[in-house]
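Residue numbers (my numbering): 181 to 322.
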């Protein structure tokens with residue numbers, strides 16, 4: 181939130197509903213308090229237009245537990261390609277696309293798993309299994 185024509189915004193937490201005139205009046209009062217706390221007493225302007233520039237919403241809800249067991253996928257898993265990495269010398273390692281890994285699939289490193297925004301390195305002798313939620317579960321070499 182901010183006063184009209186200002187550049188900098190002030191984050192104001194909201195507890196509960198914003199429905200109704202009293203809720204909006206409480207939000208404005210909370211903004212005024214937060215603004216004056218940050219910039220000093222008397223810096224707020226009760227006659228200025230207040231803008232809500234963005235809203236960040238966070239919801240929390242408990243989910244039911246899901247069984248972690250998934251049946252094994254029969255047969256070897258085919259990688260989508262190979263990539264050269266340096267492991268005491270250059271070697272080709274298989275590359276898997278995370279979104280194409282079947283639930284229950286299992287494979288050993290060294291390997292790479294590509295996903296939008298990240299790549300997961302599976303070290304030599306480590307083993308990965310895709311659980312029933314699509315997460316990678318890695319067993320580290322002992």
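Yeah, the Cβ is synthetic: ideal placement off N, Cα and C, and Gly gets one too. Values in this document were obtained by computation on a predicted structure and should not be read as measured data.
**Study point:** Beta-ladder partner(s) of residue 194, from DSSP
**Key:** Along the chain shown, one-based indexing puts residue 194 at 14. For residue 194, DSSP records no beta bridge to any residue.
Review point. What does a CB cutoff of less than 6 Å around residue 137 pick up in its chain, not counting 5 residues either side in sequence?
Key: Beyond the ends of the chain as shown, which are 181 and 322, falls residue 137; an answer cannot be given.
**Study point:** Reduced DSSP category for residue 277 - H, G, I as helix; E, B as strand; rest coil
**Key:** Taking the first residue of the chain shown as position 1, residue 277 is located at position 97. For residue 277, the secondary structure class from DSSP, reduced to helix, strand or coil, is strand.
Check your understanding: Do you know offhand how far residue 281's Cα is from residue 239's?
Key -> Indexing the chain shown from 1 puts residue 281 at position 101. Indexing the chain shown from 1 puts residue 239 at position 59. Roughly 30 Å separates the two Cα atoms.
Point to revise | Collapsed DSSP secondary structure at residue 240 in the structure displayed | key: One-based indexing of the chain shown puts residue 240 at position 60. Coil at residue 240, not helix or strand.
**Study point:** Per DSSP, the bridge partner or partners of residue 262
**Key:** Within the chain shown, residue 262 is the residue found at index 82, counting from 1. Residue 262 is bridged by DSSP to 274.
Point to revise | Beta-carbon proximity list for residue 190, same chain, < 7 Å, skipping 5 on both sides | key: The count along the chain shown starts at 1 and reaches residue 190 at position 10. Cβ neighbours of residue 190 beyond the five flanking positions: 181, 182, 211, 214, 215 and 218.
Check your understanding: Considering only the beta carbon of each residue, do residue 310 and residue 300 sit closer than 9 Å?
Key -> As a working mapping, residue 310 is identified with position 130 in the chain shown. As a working mapping, residue 300 is identified with position 120 in the chain shown. Contact flag unset, no.
Check your understanding: Near residue 272, which residues of its chain fall below 6 Å by C-beta distance, leaving aside the five closest residues on each side in sequence?
Key -> For this step, residue 272 is matched to residue 92 along the chain shown. The residues are 262 and 264.
Practice item. Grab me the residues of residue 208's own chain with a C-beta within less than 8 Å of its C-beta, minus the 5 sequence neighbours each way, in chain order. Key: In the chain shown, counting from the first residue as 1, residue 208 sits at position 28. Around residue 208: 230.
Review point. What residues are listed by DSSP as bridge partners for residue 231?
Key: By 1-based counting over the chain shown, the position of residue 231 is 51. Its beta-bridge partners are 182.
Check your understanding: What are the partner residues of residue 294, as DSSP defines its beta bridges?
Key -> Your numbering for residue 294 matches position 114 in the chain shown. Paired residue(s): 277 and 299.
Practice item. Look at residue 291 and residue 302 and say whether their C-beta atoms are less than 9 Å apart. Key: Within the chain shown, residue 291 is the residue found at index 111, counting from 1. Within the chain shown, residue 302 is the residue found at index 122, counting from 1. Yes. Within cutoff.
Review point. What is the DSSP secondary structure of residue 187, reduced to helix, strand or coil?
Key: In the chain shown, counting from the first residue as 1, residue 187 sits at position 7. Three-state result, residue 187: coil.
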